[in-house]
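FYI, in the numbering used here the residues of the sequence shown are 4 to 246.
In this text, a Cβ means the ideal position worked out from N, Cα and C, and glycines have one as well.
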Amino acid sequence: MKEEIEKLINLQAIDSEIAGFDTDIAEKQQIITDREKSIQEKKEAIAACLEKTEALLQQQRDTNAENEDAGTRIKDRQNKMMQVQTSREHQALLKEIEENKKLLKETDEKVLHIMEQIEAVKLEATELENLCSGEKELLEEETAAVEKEIKKIDTTRKKVASQRDTLSEDLQAKSLKRYNMLLKKRDGLAVVPAIERVCQGCFMAVPPQQFNEIRKGDKLNLCPNCQRILYYKVKEEEVAVEK
Numbered sequence: 004m005k006e007e008i009e010k011l012i013n014l015q016a017i018d019s020e021i022a023g024f025d026t027d028i029a030e031k032q033q034i035i036t037d038r039e040k041s042i043q044e045k046k047e048a049i050a051a052c053l054e055k056t057e058a059l060l061q062q063q064r065d066t067n068a069e070n071e072d073a074g075t076r077i078k079d080r081q082n083k084m085m086q087v088q089t090s091r092e093h094q095a096l097l098k099e100i101e102e103n104k105k106l107l108k109e110t111d112e113k114v115l116h117i118m119e120q121i122e123a124v125k126l127e128a129t130e131l132e133n134l135c136s137g138e139k140e141l142l143e144e145e146t147a148a149v150e151k152e153i154k155k156i157d158t159t160r161k162k163v164a165s166q167r168d169t170l171s172e173d174l175q176a177k178s179l180k181r182y183n184m185l186l187k188k189r190d191g192l193a194v195v196p197a198i199e200r201v202c203q204g205c206f207m208a209v210p211p212q213q214f215n216e217i218r219k220g221d222k223l224n225l226c227p228n229c230q231r232i233l234y235y236k237v238k239e240e241e242v243a244v245e246k
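Have a look at this one:
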């Protein structure tokens with residue numbers, strides 16, 4: 004049984020190594036995903052700038068029309084001034100002229116402010132386009148580099164997976180079935196050491212009698228809490244004393 008436990012320990016080491024390969028691949032793929040996300044966000048920001056620019060242009064057209072209407076009304080009221088006969092009518096026209104002159108000034112200032120906003124938004128869009136262009140170039144470079152790295156990792160992974168297949172065939176069917184079940188249920192960690200009566204999977208204490216059985220290694224021992232397969236691991240201090 005000690006030999007069987009040793010095989011399970013080795014199988015766990017291989018599976019942990021394979022999981023490490025998967026993590027490395029996922030991390031490298033995430034680099035590409037993050038870059039693509041960044042580019043997409045900039046594209047959306049550019050589109051928002053274009054929408055904002057169009058809205059400002061429409062606002063500018065509306066304000067220009069309002070400005071022209073005010074100018075027209077001023078000319079119209081000035082022409083009527085020549086025809087009025089009473090002071091009351093004269094004062095009313097003067098008031099309208101002043102109001103429209105005020106509106107003319109306000110719309111002139113508003114148009115100027117809108118033009119400044121349009122320029123700012125266009126500048127922002129240009130900067131985003133430049134950044135987006137630069138990130139696209141980086142994406143091409145990173146994609147090539149990541150694909151190369153993933154290919155290397157995958158080659159090594161296949162070699163290790165082949166070792167796993169060989170070791171799995173050498174295990175008892177019952178042991179392998181239990182191991183695979185635990186590997187799936189316990190986040191890739193089915194076999195763990197028990198150090199100083201503590202399971203290193205869930206970090207719960209193991210009963211003294213069971214710990215003695217684990218030290219002997221005559222049978223498979225499962226953690227009473229997480230059900231992982233336990234094996235005895237000599238502390239570094241004990242190894243040093245023995246040497």
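A distance of 9 angstroms or more separates the beta carbons of alanine 208 and isoleucine 232. The three-state secondary structure of asparagine 103, taken from DSSP, is helix. Pairwise C-beta distances place the segment 98 to 116 in contact with the segment 66 to 74, as three or more of them are shorter than 8 angstroms. Proximity of the segment 45 to 59 to the segment 144 to 151 falls short of the contact definition, fewer than three beta-carbon pairs being nearer than 8 angstroms.
Contact between isoleucine 21 and valine 149 does not hold, since the beta-carbon distance rounds to 20 angstroms and is not under 8 angstroms. Look at the beta carbons and you see the segment 5 to 16 not touching the segment 113 to 128: under three pairs across the two are nearer than 8 angstroms. The C-alpha of isoleucine 117 is placed about 8 angstroms away from the C-alpha of glutamine 62. Residue burial annotation: arginine 64 is exposed, with fewer than 16 other C-beta atoms found within 10 angstroms of its C-beta. Secondary structure at leucine 97: helix, using DSSP grouped into helix, strand and coil.
Its chain contains Cys205, Met207 as the residues whose beta carbon lies nearer than 6 angstroms to that of asparagine 228, once the 5 sequence neighbours on both sides are disregarded; these appear in chain order. Following the DSSP letters along the chain, one finds proline 196 in no alpha helix (DSSP H) but inside the beta strand (DSSP E) bounded by residues 194 to 198. Residues of the same chain with their beta carbon placed closer than 6 angstroms to that of serine 19 are lacking, with the five preceding and five following residues left out of the count.
Going by beta carbons, leucine 53 and isoleucine 77 fall outside the 9 angstroms limit. Burial is judged here by how many other beta carbons sit within 10 angstroms of a residue's own beta carbon; valine 87 has fewer than 16 and is exposed.
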